[in-house]
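Numbering (my numbering), first residue to last: 453 to 588. Reading through the structure tokens given below for one structure.
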Amino acid sequence: MSRLSSDDVREIKDIHSRWIAEEISGNSLGVLQFCTEDVLWMPPDAHRLRGKETITRWFAGPTVEIRSLDVFNLEIHGSGGIAYKSCDYCTSYSVAAEQMVRVMKGTHLWIMQKIEGDSWRVAVVSWSIWKDSGAA
Numbered sequence: 453m454s455r456l457s458s459d460d461v462r463e464i465k466d467i468h469s470r471w472i473a474e475e476i477s478g479n480s481l482g483v484l485q486f487c488t489e490d491v492l493w494m495p496p497d498a499h500r501l502r503g504k505e506t507i508t509r510w511f512a513g514p515t516v517e518i519r520s521l522d523v524f525n526l527e528i529h530g531s532g533g534i535a536y537k538s539c540d541y542c543t544s545y546s547v548a549a550e551q552m553v554r555v556m557k558g559t560h561l562w563i564m565q566k567i568e569g570d571s572w573r574v575a576v577v578s579w580s581i582w583k584d585s586g587a588a
């Protein structure tokens, strides 16, 4: 198996940037355009979610406004048609009808696969919340 090409790494970084832009703009469902149809999400302390329809229903919960989202220690590795992206994050946000800004820190992981037309899609999303992050 060969390592990821510089074009592959660039495309994955672009998807990551566009994903963050969707979140910051308040369009949480917009991130699903970067996912496979049967994407698996594994939120912290919750049951896993399989498929875009299930995740769309999950997003129907309380509305969250992201104030800022910073990413650190971004790493992209893989070979052939499989890649993974990991990073640490710090997100400032507020829940609808609250004035308090909360901060959440943790680690984020994607497993990606190259599909039709040689484009990358996110197949697995998992994230953790650090205990000392102050998230409630």
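Beta carbons: idealized from backbone N, C-alpha and C, even for Gly.
- ASP466 sits in a helix when the DSSP states are folded into three classes.
- Taking all protein chains shown into account, LEU481 has fewer than 16 neighbouring C-beta atoms within 10 Å of its C-beta and is therefore exposed.
- According to the DSSP assignment, LYS583 belongs to no beta strand (DSSP E), since it is labelled neither H nor E.
- In this structure, the beta-carbon distance from LYS504 to LEU526 does not fall below 7 Å.
- DSSP places GLU505 in the helix class (H, G or I) of the three-state scheme.
- Counting along the chain, the unbroken beta strand (DSSP E) around GLN565 starts and ends at 554-567.
- Leaving aside the five residues that flank THR488 on each side, the residues in its chain whose CB is nearer than 6 Å to its CB run, in chain order, ARG573, ALA575.
- With a beta-carbon spacing of about 25 Å, ASP540 and THR515 fall beyond the 8 Å limit used to define contacts.
- DSSP places GLU527 within a strand segment (E or B) once states are collapsed to three.
- A direct Cα-Cα distance of roughly 12 Å separates ILE528 from ASP459.
- PHE486 is classed as buried because its beta carbon has at least 16 other beta carbons within 10 Å across all chains shown.
- The three-state reading of DSSP puts ASP497 in coil, since its state is none of H, G, I, E or B.
- Under the three-state reduction of DSSP output, GLU550 falls in the coil class, being neither helix nor strand.
- Across the structure, ASP497 and ILE581 are spaced so that their CA atoms are roughly 9 Å apart.
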